[in-house]
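J.: This is the structure I have questions about; it appears just below.
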Amino acid sequence: MRVCFQIISFLFAVNFYCQPLRAQDPSCCHHAPQFSPCKEACDQLATIKSESRLKHLLQRLPSYCPESMNELWTCINSTLPGVSRKSDGWVGLGCCELAISAECRRECRQASSKNDITKVCKKVTENSLYSCITKNEMGSTCCSYAGRHTTCREYCQAIFRTDSTPTVSQINAVKEYCQSHSAQLLSCVSNFTKSYPIRSPIDSLYCCDRAEAPYCQAACRRILRTMSTEHEIMEGLIAECGSQPLPQDPMWQCFLGSAHPPSPPEEETPHPAKMDCAKLHCCSKANSSACRDMCREISTNWGSQTWQDFDQLCEYSPVETELINCLADVREPCQLGCKDLTYCTNFNYRPTELFRSCNVQSDQGAMNDIKLWSNGTIKMPFMNIPVLDIRKCLPDMWKAVACSLQIKPCHSKSRGSLICKSDCIDILTQCGDRKRFHEGQTPERICELLSPIDDPERCIPLHRYLTPSSLGSSAVEEVVHPCNPNPCPSNHLCQVNRKDCLDEGTCQPFVCVPGCKLGEASEFLVQQDARIQVPTRSGPSGCYEVCTCGPSGRLENCVDMPCVDVDKPCIVGGQKKSHGSSFTVDCHTCSCFAGDTICSTRQCPDNRDAGDERQHFTGLPCSCPDRFVPVCASNGRTYPSACVARCMGFKDNQFVFGQCRLSNPCATKPCQRNQRCVPAYRVCLSDSSDCPQYECTERPAACDKSSAEPACDTDGQVHPSLCHLQLSGKSLAYMGHCQDACRKPEPVCGYNGETYSTVCDAFSDRVAVDYKGSCHAVGTVSDAAADSACSLIQCPPLSAPGCQPVTPPGACCPICASMLQILWNKAQMNTFSKLNQDQLVTVHGILQVLRLHVSVPQCDVFGFLSIDHELVVLIAPVDQQPTPLQIEACSKEAEKIDSLINYASPTLVSHVPLSAFLTSKVKTSSVHSSGAAPPSPPPPHICFLLGLILAALPGLQRL
């Protein structure tokens, strides 16, 4: 075995790579048992391109693959490059494994010069290979000037040996040992290093964020700031974090797998550079000016040493909970579902609970934490907690603690991931080693700092995870999570596939779409073509710009927005309300925005009057009569009467009698002769420009096959996309596959007060159905009024027996769904519209963006603008007979989005126009245990489950 490592050390000294250990090649790794730590470690060697980092992992391979595995080690020694096949003459040999093509890789291994590979290895597609060869050629030339001076040559070779940027210490070493021997060598090396910006270890600070254990994160940052050589850093991380450098660990994956290519000059770098706009969103939530300033520094200055101070002063400060939770949302947004854990098994089968980090790495991290804690000390960034032998003292509780801190359950109200204070005190009282406590340390004082919350809705109660979930694998199939874990590449977002599929055989339950990072140091992705609001790189708080995620993978075309005075309070009832705060005035939901108090416009009952003098309260705006005499306003919304329209600010010349969707916007022939007028009904939230209900289109020359989404025409024929439908000269009936149940018009009334020709038409407009037949009644928008106008409406039965439903404002019939009532800022909507060349902000457009935040395909998003101008969003089960578990999942999705709105999380509010949301109120549905839901039939193909319209539409009239 010792001979083996002598060979390995020698090979590294003469500048060879160990890259042929690739899982996809006939390699040595097949000698390791399948699914063993040895096989996993051996396979991962192929992912590392940095020689010095590869050396560290290879030197630790015996801890995974014992010496007794003779076949494996004999194979490794015999297959390392240079041992039996090639001499040092071919400088490209160590680069061969960087080739993308297997054919190129084989040709490179057998070549004796670069000329031998040019026919097979094309420079256009094999950039990494040729860059490596060029670097080796330069190294061979430069270092040849060292002559017989061995030390100078070795330090010269170190400059060219790794694939990462040369470090300051490497360059200084060459100057020190070679300046008296060869001026030509110094000049040659200098010409090479000038092409690489000097890279400091602190430029890799972002990798520390990926360490699961807080003490490891702190140690990582300290090591990068105090150590200069790669060897010192690697050894320090291994010693401090107590884990072997396996690339499947997120932190080690960052250090081992990234080659850190040189950054382009600042003037060539698209905006924003070396910053994290997602985290920058959070800085305004800091309560102290010190934490706010440090947050801005670490968010705008990539590699800033302020991280250490921020951790010590802010990370565990009880007054900075909102800031820390916001940063946690950016790093690891809460997602529904947890499964496939092999250590933290009590967390499995929980499809309706929220977790930040349910993955294999966290599962392994919990196991490693228990091993470290078994040494008798729990290391924290700012203290060490001495404990007794946790293998004997409450071992199940300690496992629940380790798994909770790694898997990170999060609740909608706080979104934090702290265990409850009572559990913390209980476990430290019984298992804390008081003999080794520092002076003044007690379980109560320690837990007051670590876990100050004891509300089970705001902290993690350990008892929940001391036993397995009551659900089994069969029940979990009722609620699936196609994007958790993420199946997409690192620069793509995973989205639930909610489009109908033309080809059932190739349909996938998810789609991977290209995205942009919000800054070079950010891991937060947004969808390509999305419009994003980000804080300005410099300037006071409240200054933002709107950018577009471009094809380059960066934010482009940024336009400054008018700055918002976030320091200006609102004066309400003689009291100051800070910017962004929400509160209630009478029955109104209100929010303070830059000194302006923005409230809902519902009518409040006046309890001061009594008897005959008491005003008749109808529950409609301005207490208008509850008669249904609809008018269509200029924003495209149908109001139940002219009285309500006037109450909402429309003048008589801004509305006409009749429902909007029953009119023909093309009757006046508004388009040019060579254009076709197509009805495009919409409800606009911005009024900076007109809200036309039609579009003038020209006959398309060709359609993009990649953006297929089935569309059904009025003749009952399906087309691959809306473009294909228009190309054929047909008229759109609704999006989605044509349904037999919708071939004949059968009017239904949507929750928005519009009459649709079929239920398919309503669902295509993202509107759920209130009742059958044309709209002829209006419901109340207040809980304090009787719903007499709806007394003659025959409501369909609920989709699930025992369901506690919600009734949307202005509607007549309840629905088994969860509901958000969102207060929004019209001035911001108008600003976004103007910045986007007066492009309309519509209800349908907002609902389409919100759908991206619902991760369970068994739930979908519907909504409308209420008659009192709140945005009503329904998150409803799509199955015609949803199970209680599916209803609960939709409720959790609604609570998650409600929390993101109310806490102004960058996960949601960085998206334009969702950033105009001020506050939200949520009402959820549930199923009584006494009301057993009928058994769920076997699920249909997932793609058709995700469509807008399911096959059995009659049952879906109640969704």
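Numbered according to mature numbering (1 follows the signal peptide of the UniProt record, and there is no 0), the sequence shown spans residues -23 to -1, 1 to 936. Note that CB positions come from ideal geometry on N, CA and C, so glycine has one too.
(1) Using the beta-carbon count (16 or more within 10 Å), is L318 buried or exposed?
(2) Return the Cβ separation of E723 and Q636 in integer angstroms, given the expectation that the two are a contact with Cβ distance under 8 Å.
(3) Classify N361 as helix, strand or coil using the three-state DSSP reduction.
(4) Please name the residue or residues paired with R441 in a DSSP beta bridge.
(5) Per DSSP, what kind of secondary structure is A745 in: helix, strand or coil?
(6) Would S795 and I844 be called neighbours here (beta carbons separated by less than 8 Å)?
(7) How many Å lie between residue 941 and V833 at the Cα?
(8) Kindly say whether C465, judged by its beta-carbon, lies nearer than 8 Å to any beta-carbon of chain E.
(9) So which of T819, S759, S868 has the shortest CA-CA distance to C793?
(10) Look at the alpha carbon of S611 and the alpha carbon of S666, and state the distance between them as a whole number of angstroms.
(11) Would you report the Cα separation of C254 and S892, rounded to the nearest angstrom?
(12) Thinking C-alpha only, which one of C567, L895, G342 is nearest W229?
(13) Quick check: what's the CA-CA separation for H8 versus W50?
(14) Where do the N-terminal and C-terminal ends of the beta strand (DSSP E) with H821 fall, by residue?
(15) Say whether the stretch 294 to 314 touches the stretch 360 to 373, bearing in mind that this needs 3 or more beta-carbon pairs closer than 8 Å, one atom from each stretch.
(16) Helix, strand or coil: how does DSSP classify E274 here?
(17) Please classify Q485: is it buried, with 16 or more other beta-carbons within 10 angstroms of its beta-carbon, or exposed?
(18) When you compare only the Cα positions, how much space is there between H888 and H821?
(19) Would you call E297 buried or exposed, if buried means 16 or more other Cβ atoms sit within 10 Å of its Cβ?
(20) If you drop the 5 nearest sequence neighbours on each side, which residues of the same chain put their C-beta closer than 8 Å to that of W350?
(21) Could you spell out where the beta strand (DSSP E) holding Q504 opens and where it closes?
(22) Compare the Cα-Cα distances from Q703 to each of C715, D690, G713, S902 and report the closest residue.
(23) I want to check one thing, is the minimum distance from the CB of E330 to the heavy atoms of the ligand SAM below 7 Å?
(24) Does the beta-carbon distance from residue 944 to L827 come in below 8 Å?
(25) Comparing alpha-carbon positions, which option in Q857, F570, K646, R327 lies nearest L800?
(26) Just to check my reading of the structure: S698 and C680 have Cβ atoms closer than 8 Å, yes? What is that Cβ distance to the nearest angstrom?
(27) Within 10 angstroms of the Cβ of N336, are there 16 or more other Cβ atoms? Answer buried if so, exposed if not.
(28) For a test of the three-state rule: what should DSSP assign to L470, helix, strand or coil?
(29) Taking one C-beta from the stretch 575 to 582 and one from the stretch 736 to 749 each time, how about it: are there three or more such pairs within less than 8 Å?
(30) For the 8 Å Cβ check, are there 3 or more pairs between the stretch 749 to 769 and the stretch 592 to 600?
(31) Tell me P491's beta-bridge partners as DSSP assigns them.
(32) How would you label I200, buried or exposed, when you count the other beta carbons within 10 angstroms and need 16 or more for buried?
(33) So, at 7 Å on beta carbons, what are the nonlocal neighbours of C661 in its own chain, with the 5 sequence-adjacent residues on each side left out?
(34) Is it a yes or a no for the stretch 409 to 428 touching the stretch 258 to 278, going by three-plus beta-carbon pairs under 8 Å?
(35) Identify which residue in D815, C524, L470 has its Cα closest to the Cα of V536.
(36) Which residues in the same chain as Q147 place their Cβ atom closer than 6 Å to its Cβ, once the five residues preceding and following it in sequence are excluded?
T.: Reading it off the structure:
(1) With 16 or more other Cβ atoms within 10 Å, it is buried.
(2) Contact flag wrong, Cβ pair sits at about 17 Å.
(3) In the structure shown, N361 sits in a strand (DSSP, three-state: E or B).
(4) Bridge partners of R441: none, in fact.
(5) If DSSP states are grouped into helix, strand and coil, A745 belongs with coil.
(6) Not in contact: S795 and I844 (Cβ atoms no closer than 8 Å).
(7) The displayed coordinates of the chain run from -23 to 936. Any statement about residue 941 would go beyond what the structure contains.
(8) Note that chain E does not occur in the displayed structure, where there is just one protein chain.
(9) Ranking T819, S759, S868 by Cα distance to C793 puts S868 first.
(10) For S611 and S666, the distance between alpha carbons rounds to 10 Å.
(11) CA-CA distance, C254 to S892, rounds to 14 Å.
(12) When only C-alpha atoms are compared, the closest one is G342.
(13) So the alpha carbons of these two residues sit roughly 9 Å apart.
(14) H821 -> not in any beta strand (DSSP E); alpha helix (DSSP H) instead, spanning 820 to 828.
(15) They do not touch, by the three-pair rule.
(16) Residue state, collapsed to three classes: helix.
(17) Under this definition Q485 is an exposed residue.
(18) For the pair H888 and H821, the Cα-to-Cα distance works out to about 15 Å.
(19) With a threshold of 16 other beta carbon atoms within 10 Å, E297 meets it and is buried.
(20) Non-local beta-carbon contacts of W350 in its own chain, meaning distances under 8 Å to residues more than five positions away in sequence, involve V364, I367, W375, A379 in chain order.
(21) Here the beta strand (DSSP E) through Q504 covers 502 to 504.
(22) Ranking C715, D690, G713, S902 by Cα distance to Q703 puts D690 first.
(23) The ligand SAM is not part of this structure, which contains no ligands at all.
(24) Coverage of the chain is limited to positions -23 through 936, which leaves residue 944 absent and any answer about it impossible.
(25) The shortest C-alpha separation from L800 is found at F570.
(26) Contact flag correct, Cβ pair sits at about 6 Å.
(27) It counts as buried.
(28) Reduced to three states, the DSSP call for L470 is strand.
(29) By the C-beta criterion, the stretch 575 to 582 is judged not to be in contact with the stretch 736 to 749, since fewer than 3 inter-stretch pairs fall below 8 Å.
(30) Verdict: yes, contact present.
(31) For P491, DSSP records a beta bridge to H469.
(32) Classification for I200: buried.
(33) Answer for C661: N612, G613, C668, L817, V818, T819, listed in chain order.
(34) The stretch 409 to 428 and the stretch 258 to 278 do not touch, with fewer than 3 CB-CB distances between them shorter than 8 Å.
(35) Taking only the C-alpha atoms, the option nearest V536 is C524.
(36) The beta carbon of Q147 sits closer than 6 Å to those of A135, I136, all from its chain and outside the five residues before and after it, given in chain order.
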